[in-house]
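Worksheet for the structure shown next.
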Amino acid sequence: MYACRLWIGTEPEQLGATISIGDNPTFGDVHDRRVEVYVHDLDRDLYGSDIRLEVAVRLRGMVRFTSLEELIRQTESDVVASRAVLAAQARHPLPWHPSGLEDGGAPRRTRS
Ligand SMILES: Cc1cc2nc3c(=O)[nH]c(=O)nc-3n(C[C@H](O)[C@H](O)[C@H](O)COP(=O)(O)O)c2cc1C
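Numbering (the numbering used here), first residue to last: 11 to 122.
Below you can see the structure in the form of structure tokens.
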């Protein structure tokens, strides 16, 4: 699980996200590695959109939970932790980070 900064297409707004990468061992029947992105504070269909993700921090590894309730409780606290990390990094950006640039590190198109 990772806290990420996220951009949609060429839109300049930076959003926060919590992402899960793995085979969701709680369910046992997932045989590929999935990337699931939970975008904070966004109520919009993103199917078909390009997104860019920048990992801010690793929160934890995949866990096999014994109940769905436990999984849900943990994902909720992941999102709380993720928001806190992103907010702290926004207050104290690393000196080399593009968010210190005038355009806030807005995405640049590198291909057409
Ligand atoms: C923040 C976050 C943390 C997650 N952590 C775990 C985990 O520790 N173990 C796990 O089996 N699945 C984890 N998942 C994946 C869930 O199992 C998955 O989102 C859920 O099964 C829904 O899948 P579906 O959209 O294919 O129905 C996590 C998902 C998110 C968004």
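Think of the CB as a built atom: it goes at the ideal place given N, C-alpha and C, for glycine as much as any other residue.
Closer than 7 Å: residue i CB and nearest ligand 1 heavy atom
i: residue 57; result: no
i: residue 73; result: yes
i: residue 88; result: yes
i: residue 81; result: yes
i: residue 30; result: yes
i: residue 76; result: no
i: residue 84; result: yes
i: residue 46; result: yes
i: residue 36; result: yes
Residue nearest to residue i in terms of C-alpha spacing, selected from the options
i: residue 45; options: 61, 55, 52 and 54; result: 61
i: residue 4; options: 91, 103, 105 and 32; result: Past the boundaries of the shown model lies residue 4; the chain is included only from 11 to 122, so the question cannot be answered.
i: residue 76; options: 37, 70, 30 and 19; result: 37
i: residue 85; options: 71, 20, 103 and 18; result: 71
CB of residue i within 8 Å of CB of residue j, strictly
i: residue 89; j: residue 48; result: yes
i: residue 7; j: residue 27; result: The requested residue 7 does not occur in the structure, where the chain is confined to residues 11 to 122.
i: residue 63; j: residue 16; result: yes
i: residue 74; j: residue 103; result: no
Three-state secondary structure assigned by DSSP to residue i
i: residue 77; result: coil
i: residue 44; result: strand
i: residue 52; result: coil
i: residue 68; result: strand
i: residue 96; result: helix
Whole alpha helix (DSSP H) runs in the segment 16-41 with 4 or more residues, listed along the chain? none
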